[in-house]
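Enquirer: Take a look at this one; I'll ask things after.
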Amino acid sequence: MAVRTDTRVARKRRHERVRARVIGTDARPRLCVFRSLKNIHAQVIDDSTGYTLVSASSLDADIKEKITGKKKTEVAEQVGSLVAQRALNKGIKKLAFDRGGYKYHGRIKALAEAARKAGLDF
Numbered sequence: 016m017a018v019r020t021d022t023r024v025a026r027k028r029r030h031e032r033v034r035a036r037v038i039g040t041d042a043r044p045r046l047c048v049f050r051s052l053k054n055i056h057a058q059v060i061d062d063s064t065g066y067t068l069v070s071a072s073s074l075d076a077d078i079k080e081k082i083t084g085k086k087k088t089e090v091a092e093q094v095g096s097l098v099a100q101r102a103l104n105k106g107i108k109k110l111a112f113d114r115g116g117y118k119y120h121g122r123i124k125a126l127a128e129a130a131r132k133a134g135l136d137f
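Start counting the sequence shown at 16; every next residue gets the next number (my numbering).
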């Protein structure tokens, strides 16, 4: 009998493995990415205090008009550049990237590359 793995449970397990190594500090906060079927969210988190310093999402009003009718990877690029812009405005330049248990391709890669292009270092 074949055992069926739940993809959400498998992603949670992978995310726990990633989180065991990636820790956001005051000097180098963590850029955490969450991807749903329709939207993508990114947060810059300082794990030492437990606070979210900066966040951006495809649901933000700042980019809502720009992303209508675009593909999901293009939306992820917009979110990546928005979170980078907000982080740079707060004086955050160096980050630790937390891919959230997702593979580094597609929307996750597009968000990361756009954030790097906008000036973040991770």
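For every residue, glycine included, the Cβ atom is placed at its ideal position computed from N, Cα and C.
Which two residues bound the contiguous alpha helix (DSSP H) that contains L135?
Expert: Unbroken run through L135: none, as it is neither H nor E.
Enquirer: With the cut-off set at 8 Å, would you say A111 and G39 are in Cβ contact?
Expert: yes
Enquirer: Looking at D113: is its Cβ nearer than 8 Å to the Cβ of V33?
Expert: yes
Enquirer: So, with DSSP's three-state summary, where would you put I123?
Expert: The three-state secondary structure of I123, taken from DSSP, is helix.
Enquirer: Rounding to the nearest angstrom, what Cα-Cα distance links A42 and A127 in this structure?
Expert: Rounded to whole angstroms, A42 to A127 spans 19 Å at the Cα level.
Enquirer: Grab the span of the alpha helix (DSSP H) containing T67 for me, first residue to last.
Expert: It is not in any alpha helix (DSSP H) - T67 instead sits in the beta strand (DSSP E) that spans 66 to 72.
Enquirer: What residues in its chain sit with their C-beta under 7 Å from that of S73, if we drop five residues either side in the sequence?
Expert: N54, I55, I82, V90, V94
Enquirer: Please specify which runs of the alpha helix (DSSP H), each continuous and at least 4 residues long, are wholly inside the region 85 to 123, giving them in chain order.
Expert: 87 to 104
Enquirer: Reducing DSSP to helix, strand and coil, say where V18 ends up.
Expert: coil
Enquirer: Would you call the CB atoms of A57 and A76 closer than 8 Å?
Expert: no
Enquirer: So if DSSP puts V48 in a beta bridge, which residue, or which two residues, is it bridged to?
Expert: A57
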